[in-house]
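Engineer: Residue numbers for the sequence shown, in our numbering: 630 to 1016.
Just so you know, even glycine gets a beta-carbon here, dropped at the ideal spot from N, CA and C.
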Amino acid sequence: MRDDLENGLPTCVSVAFSADPDSETAAREAAAGIQLDDTCFILALLPAALDPGTVARVFSEMLDTVPVFGCTTAGQITPNGYETDALLLIAFRREHFRCASTLIAPLKPMGIAGIADTMARANSRFIHTAGWNRLALVFADGLSKQEDLLASVLESVLEGVPVFGGSAGDGLAFERTLILHNGTFHDNVALVLLIETDLYFEGLSFDHFLPEGHELVVTEANTEEREVTEINGAPAAKEYARLVGCTVADLTPQVFAENPMLVCHKQNHYVRAVSELKPPHTLGFLAAIDDGLIMVLGRGKAIIETLEAELNTRDVTGARPDFILGFDCVLRKLEIEEKNLGAQVSDIFRRRRVLGFNTYGEQHCGLHMNQTFVGVAFYTRPRGGLY
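(1) Which partner residues does F726 have in the DSSP bridge list?
(2) Does the Cβ-Cβ distance between R928 and E841 come in under 7 Å?
(3) By alpha-carbon positions, which one of A819, I741, F803, H837 ends up nearest to V786?
(4) Would you list the one or two residues that DSSP bridges to P864?
(5) Hey, L984 and I706: beta-carbon distance below 7 Å or not?
(6) Rank F956, L996, V974, T683 by C-alpha distance to the C-alpha of A1006 and give the top, closest one.
(7) On a CA-only basis, which of G990, E934, T668, L772 is nearest P735? Give me that one, please.
(8) Straight-line CA distance for V1003 to L766?
(9) Using the Cα positions of K895 and P639, report the straight-line distance between them to the nearest angstrom.
(10) What does DSSP give as the partner residue(s) for I671 in the beta ladder?
(11) In three-state terms, what does DSSP make of E841?
(12) For the structure I just gave you, are there three or more beta carbon pairs, one from the stretch 743-763 and one from the stretch 710-721, closer than 8 Å?
(13) For M998, which beta-bridge partners are listed by DSSP?
(14) Just list the residues that DSSP pairs F646 with in beta bridges.
(15) Can you list, in chain order, the residues of its chain whose CB lies under 6 Å from that of L839, leaving out five sequence neighbours each side?
(16) Report the rounded CA-to-CA distance for T1001 versus N987, giving the unit in angstroms.
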């Protein structure tokens, strides 16, 4: 289906999506909704239920005149708001965007020097357009467990270029996450898109948690696998459940989503989200974990009010963004659905013109974080600066 400006959609990108459960039908329906003659590049965001090979084949056939990038997701944000099974295409208009892509492969094990050199050369080769602004988008294999280091390297190498991104998802299966580049889906890779635009843009990053006070110290961990076996000298899951006020048997993704652990970095708190319980008492995390790391339990603020306030951004003339590209953690979606707030959140996303996907983690300002909304608001009118 294709949506137009009369429905309140952006003018600087076009959007098409399909909720058909058949991979071939969904890919053809979505691709047919894109006008290729004015498109610079396309972001394709795939639900876990579709077959990536079929989708890639249809795209190669129907969208062969423009580059298509993207990833598998844990949910999509379409013009209708939250979706779980919609194939979403976002076409960036040539009038406003230029793009250069770099595939980092393999992502694990990570060669820091090689990545730094590759990205430095890619940035220097991407000729700057006078008067245009530059940013980078990163899409990483969400099961690689390399996003923390990758975000730090990109922030250092691409000095002066703000980096925003999200980790690819796989619904709630956590089995295989894929990145689309040059007509093929890849695992164990990261895609970096260097983008120039004549639009002004603003970065967004927020969650809805405050440090609640109960302290948790990681006393035994497998840092490479992001697994914590001991907290405060006790079995990790037992101690976490005790502080949350439930039993280990009661620990579910919803409990993890509503009771995250926070770490302090430069006087700000960031979520270190639990991805799974590994019997008997090990906790798997979605971001870096180290022995001796001190965390505190997070207490949630009103999620609807926080979302409404944070997305209520305007330029110096009072105009709203043409659209917001959003990277929204899947654990936020789980909490929202558990509280039966999905319809309200979708309404906010529709009114604020948010497009994007649910992630296994978000990257911004050199950090990999969880349970956070990271976004880029693009404006068609001048703003006092980029950021």
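Structural biologist: In brief:
(1) Paired residues: T826.
(2) Result yes, Cβ atoms of R928 and E841 sit closer than 7 Å.
(3) The candidate whose alpha carbon is nearest that of V786 is I741.
(4) Bridge partners of P864: E859.
(5) Going by C-beta atoms, L984 is nearer than 7 Å to I706.
(6) For the residues F956, L996, V974, T683, the minimum Cα distance to A1006 belongs to F956.
(7) Checking every option, the nearest Cα to that of P735 belongs to L772.
(8) Computed Cα separation, rounded: 11 Å.
(9) Computed Cα separation, rounded: 36 Å.
(10) DSSP output for I671 lists V697, A720 as bridge partner(s).
(11) Under the three-state reduction of DSSP, E841 is assigned to strand.
(12) Between the stretch 743-763 and the stretch 710-721 there are fewer than three inter-stretch CB-CB distances shorter than 8 Å, so the stretches are not counted as touching.
(13) Bridge partners of M998: E991.
(14) In the DSSP output, where bridge partners are listed per residue, F646 has L717.
(15) Around L839: R928.
(16) Cα to Cα, the separation comes out at about 10 Å.
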